[in-house]
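Quick note, the sequence shown lines up with residues 27 to 101 if you use our numbering.
Heads up, the beta-carbon is just placed ideally off N, CA and C, and yes, glycines get one too.
Predicted model, so just to flag it, every value in this text is computed and none were measured.
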Amino acid sequence: MTDETDRQPARHPQELERLLISRQWVGDIDGMAALFEPHAVIDSGGGQLTFGREAIRTLFAEITATGRKFQSGDQ
Numbered sequence: 027m028t029d030e031t032d033r034q035p036a037r038h039p040q041e042l043e044r045l046l047i048s049r050q051w052v053g054d055i056d057g058m059a060a061l062f063e064p065h066a067v068i069d070s071g072g073g074q075l076t077f078g079r080e081a082i083r084t085l086f087a088e089i090t091a092t093g094r095k096f097q098s099g100d101q
């Protein structure tokens, strides 16, 4: 697992996808959530919104636990 001090922030929105994928593939759920502001909101599909970093972390943990892996490109 990645040490928190090794985590680079997304410096440009285009880096977010690459960082999310690489962190998920090594199981760094906390690192995935750390890419988002504390009060971020993401569209989690199916008309659902996920509010806040902790809820986003939970969502990513649930997705990762199913074995689903993020890929580059359109999802």
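Just confirm the distance between the C-beta atoms of I82 and T76, as a whole number of angstroms; I'd bet it's less than 8 Å. Contact holds; Cβ gap of about 5 Å.
Going straight from the alpha carbon of H65 to that of F86, what length do you get? Rounded to the nearest angstrom, the two C-alpha atoms are 16 Å apart.
Is the beta carbon of R37 closer than 8 Å to that of A60? It is not a contact, given that the beta carbons lie outside the stated cut-off.
Please name the residue, chosen from M58, G53, E63, V67, that lies closest to T92 on a Cα-to-Cα basis. Considering only M58, G53, E63, V67, the residue with the shortest C-alpha distance to T92 is G53.
Can you tell me whether F96 is helix, strand or coil according to DSSP? DSSP, reduced to helix, strand and coil, places F96 outside both helices and strands of the structure shown, so it counts as coil.
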